[in-house]
Amino acid sequence: MSATVDQHPDVRRMLSSMRLALDAMRLVVYTTAIESDRASSASGAAEREHAQDMVDLLTPVAKAWVTDLGVEITSLGIQVLGGVGYSEEMRAAQRWRDSRIGPIYEGTNGIQAIDLVTRKLPRHHGALVESLLGEIDRTAGKLAGLGPGGVQAAQRLEEATGAVRSTLHWFLEVLGEDPERALAGATPFLGLFGDVIGGWLLAGRALVRSG
């Protein structure tokens with residue numbers, strides 16, 4: 062009996078990548094929405110201000126990182142189906158074409174990256190991002206208690222967080238000296254930042270599931 066496509070290891074890899082990315086994307090959007098609610102309904106002024114800062118910081122990720130991943134995921138969807146995925150009967154190719162407008166609409170993703178680097182990172186002299194990175198570090202510490210897999214995931218999250226932290230310091234230094242040089246790295250940084258935020262939120266969910 063022939064195997065179904067999802068029984069092939071490489072296809073399982075692609076399907077797992079798609080599911081993981083989708084979960085991370087949803088968590089980023091949900092977290093941004095929750096902070097938006099807090100910004101308008103929290104009882105204390107300080108809490109509302111912090112929530113609004115978080116909304117502003119996460120918005121480029123929720124828009125640009127999520128839509129970039131959407132293009133990647135729909136492309137993988139075609140690949141999973143092979144040649145038939147490229148045909149119109151399966152609608153996978155249509156989903157890929159439709160997803161491509163996301164990085165263009167409502168401020169192209171390059172503009173979102175520039176906004177992140179030039180306006181959001183320098184806010185409070187980088188203290189907002191540093192505070193968030195500290196929270197991610199604490200999550201990584203808890204993740205290490207979930208066994209060997211948790212230790213490995215924690216190490217990777219800590220390494221990625223360290224890369225964001227060092228790049229943040231670089232941006233804060235270079236923006237005032239050579240803005241064009243800083244802007245050239247805006248889009249790659251947004252991708253890194255989105256990966257870290259998405260990974261952190263997935264780690265938090267793993268901790269909740271572990272009890």
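Residue 148 in my numbering sits at position 87 of the sequence shown, and the numbers go up by one each step.
Glycine included, every Cβ here is placed at the ideal spot set by N, Cα and C.
Sort the options by Cα distance to residue i and report the nearest one.
i: leucine 183; options: Asp256, Met86, Leu118; result: Residue identity differs from the one stated: residue 183 is proline in this sequence, not leucine. The shortest C-alpha separation from proline 183 is found at Leu118.
i: lysine 124; options: Ile175, Gln155, Val145, Ser104; result: Ile175
i: leucine 83; options: Gln140, Leu142, Gln213, Trp126; result: Trp126
i: alanine 224; options: Leu268, Leu236, Asp256; result: Asp256
i: glycine 143; options: Val66, Glu167, Arg80; result: Val66
i: isoleucine 172; options: Gly146, Phe250, Thr222, Leu204; result: Phe250
i: glycine 131; options: Gly146, Lys203, Arg156; result: Arg156
i: leucine 88; options: Ala106, Gly272, Gly265; result: Gly265
i: glycine 208; options: Thr92, Ser271, Val90; result: Ser271
i: alanine 221; options: Gly202, Gly237, Leu253; result: Leu253
What are the start and end residues of the alpha helix (DSSP H) that includes residue i?
i: aspartate 67; result: Here aspartate 67 belongs to no alpha helix (DSSP H), and DSSP marks it neither H nor E.
i: isoleucine 134; result: 127–142
i: arginine 158; result: 153–160
i: lysine 203; result: 188–204
i: glycine 168; result: First-last for glycine 168: undefined, no H or E at that position.
i: serine 63; result: Neither: serine 63 is in no alpha helix (DSSP H) and is coded neither H nor E.
i: histidine 111; result: 106–121
i: aspartate 256; result: 247–271
i: serine 227; result: 209–235
How would you call residue i, buried or exposed, if buried means at least 16 neighbouring beta carbons within 10 angstroms?
i: aspartate 129; result: buried
i: isoleucine 134; result: buried
i: serine 160; result: buried
i: proline 121; result: buried
i: aspartate 114; result: buried
i: proline 164; result: buried
i: valine 269; result: exposed
_Contact between the segment 260–268 and the segment 187–203 is defined here as three or more beta-carbon pairs at a separation below 8 Å; is this criterion met?_
The answer is yes - the segment 187–203 touches the segment 260–268, with three or more Cβ pairs under 8 Å.
*Touching or not, the segment 64–78 and the segment 232–245, by the rule of three or more beta carbon pairs under 8 Å?*
Touching, no.
_Segment contact, 8 Å Cβ cut-off, at least three pairs: the segment 139–153 with the segment 72–81_ = Enough Cβ pairs lie closer than 8 Å, so yes.
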